[in-house]
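All residue numbers for the sequence shown refer to this note's numbering, where the first residue is 6 and numbers rise by one. Worksheet: one structure, shown below.
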Amino acid sequence: MHRLLERQLRRQLGRDFQADAALASFLDIVDSYYHEVDKEQRLLQNSLSMNTAELNAVNERMRIQNTEMTRTLLNTLSDGVYATDLEGRLTFMNAAAEKKLGWSEQELIGQPVQEHVQCLLPDGSAQLAEDCPHLRSIRDGVSLQDNGIFSGRNGEHIPVEFRSSPIVQNGKVSGALVSFQDTSLHIEAANKLRLANDKLSSALRELEFQQLALDEHAIVSIADKRGCIVYVNRKFSEISQYAPDELMGQDHRVLNSGYHSRAFFTDMWRTIESGQVWHGEVRNRRRDGTFYWVESTIVPFMDEEGRPERYISVRTDITARKMLEEQLSEQRAFYERISETMGEGLYVQDSAGRCTYMNSEAEHMLGWTREELLGRPVHDTIHCFTAEGEALPAEQCSIMLAVRENGDWQGDDQVFVRKDGTTFPVEGTSRAIIRDGVSYGSVVAFSDISERKNSERIVRLAQERLNLALEGSGLALWDWDVAHDQVYLSDRWSLILGDELQEVVITSAQLFSLVHVDERANVENNLVSVLKGQNEFYSVEFRVQRRDGEWIWIHTHGKVVDRDSNGRVTRMSGTNADITARREAEAALRQAKEAAEAASRAKGDFLANMSHEIRTPMNGIIGMTELALDTELNSEQREYLGLVQSSADALLTILNDILDFSKIESGKLDIENIEFSLEHMLRETMKSLAVRAHQKQLELLLHVAPDVPDRLLGDPGRLRQVIVNLVGNAIKFTASGEIEVDVQCLKGAPEGQMRMQFSVRDTGIGIARDKFQTIFESFSQADTSTTRRYGGTGLGLTISAQLVSLMGGSIALQSEIGQGSNFYFTLDMLMLSVSPLAEYQQTGRIAGMSVLIADDNATNRRLLQEMLTNWKMHPVVTSNGQEALDELARATASGHPYGLALLDLQMPDMDGFELAERIREHPEYLVKTLMMLTSEGQRGHASRCRELGVAAYLMKPIAQSELFDAIMTALGVSEQQLTTRHSLKEMRRRLNLLLAEDNAVNQTLATRLLTKLGHTVTVANNGIEAVQLWQNGSFDAILMDVDMPEMNGYDATRCIREQEQHLGEGAHIHIVAMTAHAMQGAREECLLNGMDGYLTKPIDTEALWQELDSLVQRAEVDVVAPAAVLAVADFEQARQIMDDSRELFDEISSLFLLDAPSHMQQIKEGALRGDSAAVRHSAHTIKGMAGIYAAESTMHFSERVEKTAGEPECVAAVAQMEVALTELIAAIKAYQW
């Protein structure tokens, strides 16, 4: 033990003091400190003694060596040495002085030393120049030795011990020599020695106090070189919950919490085993398993060989701090999560403006990642431009200036710069981060307001445009502050009233006082309805008096713009417009319109009367001529009657064209939108045209593509009219060859619709290309000579083109002179069913059958082949009789005979009858069924067919369904009668009909036509007789003339319909109107008065057949397929709406059954008198009530009536709505809970 330590211990604790193991270990450490201090003290003393001896030796040698040796020697000295002349200018400086002062000799030679190396006082201030050591020696001629402070070149203070002596030559002072020694190390060594002595003198005195302090504030442990614990203090035991005895010999792993990794401890041991102090934070485990944190310093004590001998660990309990850090970390994470979800960009900058944090939204908006922006100056990176695009210096940054001055900033007039260089406007706030009155930076939150700025720009432009528009249109703005009853009127209002341009603020009473007394009530009523919320817009017209006394018309339009929390109106705004000129123009137009309408009514009445007067005798002429032609006549009589019939048809065509053109010209032609069968319409249309084509020896062909649907929604009557016009035109201008009607489906139709293309191709005279446009103009033909040669009004194509346009389509043509023409038009139509091929493909009875076709017309062969192929049959075509016989012989030889042969009657060289005879002469051909196709039907053909065993005799053109039915009938009956188009129709049910007609000619004609078709007819001479006969008889339908004496057809129909309501369901009888009135509105009036069909006189035989045929089909459908309740209502959904309450269901149903019929009656009456508002109101009411029952049909037609009120389409919609409503009422009555 060091003698000083031992002496102090004995003096303080006595000679018999014995330290325990723990204290002995600690005293060993103190003892080592004493020995270390002794070593340093000895080294310092040796250094001091050596420097003094060396200096004496150098001085001795300098006296005996020459000048060069002196310089060399001086340069080798560790002390600085410099010499000056009498003025203090440098004459010599050794290397040590250069190094210590920082100046080179070359730099200061000839320079006053005192100006570059100052002598400083202890407080750091400079001494006077004349008090510098060398100047004092020169001045006083004495040597000086003292301690002082020199200034270095870089301003550093150098503590020195200096000696300054005058240089005497020849007895005179010529300069001074100064040497100095840097005493920094001496001072430091002395200080260390003094401190060591102080420590040693107080070490033992404070030993117990230090022990107590360590125990109170530090956790101390000592481990040996193996890491085993040899000492712990009280604090260690308290925090670890282990007694000292339990810890002795243990290593620190007894406290391992498992929190730190193996690498953590490896690094710790590597550090202390290398003799370095380790410092870190450690989480330990107490005896009870809880954890605590310590800040630990481990000091290794090395032996003489440099290996650790023991380790002292001094720890501080930082558990509370760690908990606080964890809370702060969680709080920081919480705030960061908030910042990440706040929807705004956010960054934090320190007091120097450098970024310290940025959230992800800021990253997204700025294009910078957090890592890229951290540490960068925020202003220079993202805020270096003004909104005008000019550079923005950091010292002018409004955000930073506001934060420095006020502690915060808020604004929306700044722009930020993205990483890609683009800018965007921002709205933001900034708050200073202040602690203890010191600003540490700021937090800035911002959002991209590009959309808002753009919206503001749009609003600003819109306002400018509005102002310009108001200025240009002459509108005057008004704004009514209802709460304070202040009405602002813009300066335009003053101009309107004839005053000077100025804005006005008046009360509402003052404004209303300007209104003409006749309009005040209407103005006030409209305003009250808006204030009560009954109407959204305030729109009314009234008169005010100008200052010059003139009354002018004003249209005011406005709306409510603000309401209070109770819903009361607080503000309204709008415009006033001077509409005097418009009202005057409207009055003039109204007068002109009334005059035009009067003229139009006169024209319509004239055309209606002329139509009635002409059609009545025409009906007798045409009808009786048809009947006469069906009797036995000689050739001369048949020729005369044929001329009569063709002349009557031509006259009727002219009359129809003029009436249709008149309707189109006046815009009163209606286009229906009803369901119809395309195949049926085409078949009947083509049959009516076939006779005219045959009279000119023309082939009339019909082709419908396989993908064309059958059930469509459209106007079959107008479609038929267009086709008749185009085919009739083709027949007129075609001398020989064929006419083909083709129907195809095109692409590009709207969803749910089919784009249909109808084309009529002929082999006629053709049309020059320069006439393509004019040919569709009124009263025009391609060549005026054709009118004289072929006849006609020239209206057919005009009417067709306008009808196609009204149906939403377009018509065009392709033609060359001498090569024929092709007229085609397209329509988009709603498809209600798939192609009719679907029903043919369901049967397999004819699939796979071989069929022989013999026809000299190539187009007809192609059409027949396509139809048969679509039915999975195997057709083979031949162009004449001989080819057919050759093919039959070949098929027989091959063992695959034909089961069916379709033969054209009109073939050159060998006609159909001769071919049939030749086939029957060869029974080996095994042709079981022959069918004859002809373009004309002659008497005797049927009997000739029966003789030859021909199973069917059909007129061309042949529709698919007609051919299919004929084939199925011919193949399915062993001994069938001859199948013709008449026999196919006669297979339908016969009807018992009531004919109400006052004209004897028409009675006779209708009776003959109907009985000829197999129907039974009862005649009534007027409406009263018709009602009486209906009451006492049982009829399938009534043909009702509209104009009859005593009671007309309308009154008779209404009387029947009223009585039907008392007879219950199933009492409805089909009534078809017959009238000579073919003008606009006649058909609609008939339907609205309760009639189901409509025929114009003279009665067209085909039209009558179609009407009766459709009646038979409806009757058959009614028998086999009664309507289902679910088709008109969904009562399950209705019950859900009513919360499955039967009481509520019964109550609502009673109200519906009571109100719906009255509303329906109001619709019909409103439609007749042209009251569109009443029609729309009642239709909307029924639609709303029907919605409770999910009655889609009623709702659909109600909405259609509501939308078309006042339009021609409304009539058909009303009829459809009434049917749907009747079905719904019946369903509600029949529904069982």
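Even for Gly, the Cβ is constructed at its ideal location relative to N, Cα and C.
For a quick check, are the C-beta atoms of residue i and residue j less than 8 Å apart?
{"i": "residue 142", "j": "residue 184", "result": "no"}
{"i": "residue 399", "j": "residue 385", "result": "yes"}
{"i": "residue 1001", "j": "residue 1049", "result": "yes"}
{"i": "residue 545", "j": "residue 561", "result": "yes"}
{"i": "residue 964", "j": "residue 687", "result": "yes"}
{"i": "residue 748", "j": "residue 763", "result": "yes"}
{"i": "residue 140", "j": "residue 131", "result": "no"}
{"i": "residue 661", "j": "residue 720", "result": "no"}
{"i": "residue 368", "j": "residue 374", "result": "yes"}
{"i": "residue 452", "j": "residue 431", "result": "yes"}
{"i": "residue 292", "j": "residue 247", "result": "yes"}
{"i": "residue 1216", "j": "residue 1093", "result": "yes"}
{"i": "residue 968", "j": "residue 1113", "result": "no"}
{"i": "residue 646", "j": "residue 657", "result": "no"}
{"i": "residue 2", "j": "residue 234", "result": "Since the displayed the chain opens at 6 and closes at 1238, residue 2 lies outside it and no answer follows."}
For the beta strand (DSSP E) containing residue i, list its first residue and its last residue.
{"i": "residue 298", "result": "296 to 307"}
{"i": "residue 485", "result": "481 to 486"}
{"i": "residue 523", "result": "Taken as a continuous stretch (DSSP letters only), residue 523 belongs to no beta strand (DSSP E), being part of the alpha helix (DSSP H) at 522 to 536."}
{"i": "residue 181", "result": "177 to 187"}
{"i": "residue 6", "result": "It is not in any beta strand (DSSP E) - residue 6 carries neither H nor E in the DSSP assignment."}
{"i": "residue 360", "result": "360 to 363"}
{"i": "residue 1206", "result": "First-last for residue 1206: 1197 to 1209, but that is the alpha helix (DSSP H), not the beta strand (DSSP E)."}
{"i": "residue 171", "result": "162 to 174"}
What three-state label does DSSP hand residue i in the structure shown?
{"i": "residue 1189", "result": "helix"}
{"i": "residue 821", "result": "strand"}
{"i": "residue 455", "result": "helix"}
{"i": "residue 379", "result": "coil"}
{"i": "residue 714", "result": "coil"}
{"i": "residue 347", "result": "coil"}
{"i": "residue 969", "result": "helix"}
{"i": "residue 95", "result": "strand"}
{"i": "residue 755", "result": "coil"}
{"i": "residue 152", "result": "strand"}
{"i": "residue 515", "result": "helix"}
{"i": "residue 324", "result": "helix"}
{"i": "residue 233", "result": "strand"}
{"i": "residue 1225", "result": "helix"}
{"i": "residue 397", "result": "coil"}
{"i": "residue 835", "result": "strand"}
{"i": "residue 677", "result": "coil"}
Let's see if you can read the secondary structure: which residues bound the alpha helix (DSSP H) around residue i?
{"i": "residue 868", "result": "863 to 875"}
{"i": "residue 581", "result": "Premise fails: residue 581 lies in the beta strand (DSSP E), 574 to 583, not in any alpha helix (DSSP H)."}
{"i": "residue 496", "result": "496 to 501"}
{"i": "residue 391", "result": "From DSSP, residue 391 is part of no alpha helix (DSSP H); its letter is neither H nor E."}
{"i": "residue 686", "result": "683 to 700"}
{"i": "residue 269", "result": "267 to 278"}
{"i": "residue 728", "result": "721 to 737"}
{"i": "residue 426", "result": "Counting along the chain, residue 426 falls outside any alpha helix (DSSP H), and DSSP gives it neither H nor E."}
- Message: Quick check on the DSSP output: what are the complete alpha helix (DSSP H) runs of length 4 or more inside the region 1004 to 1085, in order along the chain?
- Response: 1005 to 1017, 1028 to 1037 and 1054 to 1068
- Contained beta strand (DSSP E) runs [length at least 3] in the region 893 to 937, N- to C-terminal order: 905 to 909
- Query: Can we say the region 696 to 713 touches the region 951 to 969, given the rule of at least three CB pairs closer than 8 Å?
  - Reply: yes
- Query: Looking at C-beta atoms only, is the number of pairs between the region 820 to 833 and the region 902 to 913 that lie closer than 8 Å three or more?
  - Reply: no
- Message: Would you call the region 309 to 327 in contact with the region 265 to 273, where contact means no fewer than 3 C-beta pairs closer than 8 Å?
- Response: no
- Below 8 Å, can you find three or more Cβ-Cβ pairs linking the region 876 to 891 to the region 714 to 733? no
- Message: Contact between the region 1224 to 1231 and the region 1137 to 1151 is defined here as three or more beta-carbon pairs at a separation below 8 Å; is this criterion met?
- Response: no
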